[in-house]
Amino acid sequence: MNLLNIISLCLFFIFLISYLLKLIILYKRNGIKANVLAKKGKGAEISSAERFVKVTTFIWGGLWLLLSLLGSGVDQIIHLGVKFNWIRHTGLIITAIGGVIFITAMLSMKTSWRVGIDKATQTKLVSSGIYRYSRNPAFVGFDNMFIGFALMYPSLLTAAVAILNIAAIHNLILQEEKYLETVFGKEYLKYKDRTPRYI
């Protein structure tokens, strides 16, 4: 296992542990079940968008873990012939930046953070901190991690996984925006006018 794969594996576990810790802390301290992704009773559009995200992110996470662990052996089977280490190192940096953005966004949401659209409980609209610059910084972080992953392990497979995940996240954002307009009304519309969807 080379240094790039070791760092990639560390980034994977930092992301995974921070994600799981947030879910556990919200449940233990506040009784909030924050993972509502693909739960029933949300309507066909939201449900299909959430299922798409669930499937694509599991594929991405599994492939990221596999490529980090197996490294060069798998690389030789699926790579695009990219031998330029600077591309792979750039991917590592982009992935790390994405992880930092995601964790910052997750922490900024405090008890309003959810995985999926939560129609069962009322949350507050968060528009401060990192959310002053982007309406979806957690998803910006994800998109960076998807792109970084495809550059760390360049292949048609990883490029396809990254593109599918970016499309799935974008589709979910569109569903979330409709939902937030109905819940927060003018407050959300004002926020939407002054803050970009991504960056």
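Residue numbers (my numbering): 326 to 524. C-beta atoms are modelled at their ideal positions from N, C-alpha and C, and glycine is treated no differently.
Nearest-angstrom beta carbon gap, residue j and residue i [assumed within contact, 8 angstroms]
i, j, result
"Gly-386", "Met-477", "The Cβ separation is near 14 angstroms, so there is no contact."
"Thr-381", "Leu-489", "5 angstroms"
"Gly-424", "Ile-491", "At roughly 16 angstroms, the Cβ-Cβ gap does not stay under 8 angstroms, so Gly-424 and Ile-491 are not in contact."
Residue i, DSSP secondary structure in three states
i, result
"Asn-410", "helix"
"Asn-327", "coil"
Cα-Cα separation between residue i and residue j, rounded to whole angstroms
i, j, result
"Ile-342", "Asn-410", "28 angstroms"
"Ile-422", "Asn-469", "7 angstroms"
"Glu-512", "Ser-452", "10 angstroms"
"Arg-354", "Lys-435", "12 angstroms"
"Thr-448", "Asn-327", "44 angstroms"
"Ile-332", "Leu-391", "14 angstroms"
"Ile-426", "Ile-419", "11 angstroms"
Residue closest to residue i, alpha-carbon to alpha-carbon, out of the options
i, options, result
"Asn-461", "Asn-496, Ile-412, Thr-381 and Ala-484", "Asn-496"
"Arg-457", "Lys-358, Arg-519 and Leu-329", "Arg-519"
"Leu-499", "Cys-335, Ala-484, Ile-426 and Ser-373", "Ser-373"
"Ala-285", "Thr-483, Gly-454, Glu-506 and Ile-442", "A query on residue 285 cannot be resolved here, the shown segment of the chain reaching from 326 to 524 and no further."
"Ser-437", "Arg-522, Leu-334, Val-361 and Leu-395", "Val-361"
Legend entry - Uninterrupted alpha helix (DSSP H) stretches inside the stretch 438-504 (no shorter than 4 residues): Taking 4 residues as the minimum length, the alpha helix (DSSP H) runs contained wholly in the stretch 438-504 are 462-477, in order along the chain.
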